[in-house]
Amino acid sequence: ALGIAVPGLVEGSVCRWIPNLSFLDGVDIQVLFPDLRVALGNDAQIALLAEAVAGGARGMSDAVLLAIGTGIGSAVLANGRIVAGAHGGACSFGWACAEIKDHGEERSGWLERVASGRALDALAGQIGLADGRQLIAAARAGQIAAQTLLEVPARQLGTALAGAVALLDPQAVLISGGLADALDVIGPPLLSALRRQLPPHLRGIELKPGEFGSRAGLVGAALAGQAGSGWRQIR
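So for the sequence shown, the working numbering puts the first residue at 2; every next one is plus one.
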């Protein structure tokens, strides 16, 4: 058995749209490995599989995972099943938009452009820092300029996330990827913006880091390979 996580859209065993690995577009992984049982999935969905089976969403029937690194990936667990949608592309949260003046792009969504690791790298340059890691470190050290800059993407992320929480009513929102380690800095303004846009009965939503960190994709791929084509059904 073989479990594979890819950073893009998959349908069955076929890679449909992998923006950063375009040579995979249209490739049927099962055809490449005819003697193996292949389980193929979006990397965020595979990461959520790991968290739902043995990590931060263990025992939950409903959860949202945001994988925030260079871009923003996402996945949803609803009624014990990881949601795929009609074409495998459900929960493309990096494309969520809370700015009506945005004209969109072909390869990245609004939220990715304002709140991903790339966006933080760009913000860091405004105060003479090299990248987002330095920006987060400066904010953690109490530098007001860095804290003020980080509040903007954190609030944009929280505001956009409120739509998903209001729609899905998850038990928790898990953050994985590079920004999971920065929740002590971005978490408070993110959670404040999130709760401000939610009805009272949803404001108790829990925001927490995933337990597997950068290993979630590896763990999830192993679990998917073991489970086969039915890997999305958790409970």
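We put the beta carbon where it would ideally sit given N, CA and C, even for glycine.
The C-beta separation of Leu151 from Ile187 comes to about 6 Å, placing the pair in contact by the 8 Å criterion. The beta carbon of Ala167 sits closer than 8 Å to those of Gln198, Leu199, Pro200 and Leu203, all from its chain and outside the five residues before and after it, given in chain order. Counting of Cβ neighbours within 10 angstroms places Gly159 among the buried residues, the total reaching 16 or more. Annotation for Glu100: no alpha helix (DSSP H) segment contains it, and DSSP assigns it neither H nor E. Sixteen is the threshold: when 16 or more other Cβ atoms of the shown chains lie within 10 Å of the Cβ of Ala125, as they do, the residue is buried. In the three-state reduction of the DSSP assignment, Val220 falls in the helix class, which pools H, G and I. Rounded to whole angstroms, the gap between the alpha carbons of His104 and Ala163 is 22 Å. Beta-carbon to beta-carbon, Ala68 and Ala87 are separated by about 22 Å, too far to satisfy the 8 Å threshold.
CA-CA distance, Pro8 to Ala194, rounds to 28 Å. Taking each of Gly60, Ala161 and Leu41 in turn and checking the Cα distance to Ile19, the smallest one comes out for Leu41. Judged by pairs of C-beta atoms under 8 Å, the region 27 to 40 does not touch the region 67 to 84, as fewer than three such pairs exist. Judged by pairs of C-beta atoms under 8 Å, the region 44 to 59 touches the region 204 to 212, as three or more such pairs exist. In this chain, the beta strand (DSSP E) harbouring Pro210 covers Glu207 to Pro210. Between the alpha carbons of Ala138 and Ala116 lies a distance of about 17 Å. Between Gly226 and Gly4, the CB-CB gap stays under 7 Å. Contact between Gln157 and Ala99 holds: their C-beta atoms lie close to 6 Å from each other, under 8 Å. Beta-bridge pairing by DSSP links Ser75 to Leu67. In the structure shown, Ser109 adopts coil according to DSSP, grouped into three states. Under the 10 Å beta carbon count, Glu207 is surrounded by fewer than 16 other beta carbons and is classified as exposed. Across the set Asp185, Val220, Leu10 and Arg236, the C-alpha of Asp185 shows the shortest separation from the C-alpha of Gly143.
Short of 7 Å from the beta carbon of Gly72, and not among the five residues preceding or following it, lie these beta carbons of its own chain, in chain order: Gly95, Ser109, Glu113 and Ser117.
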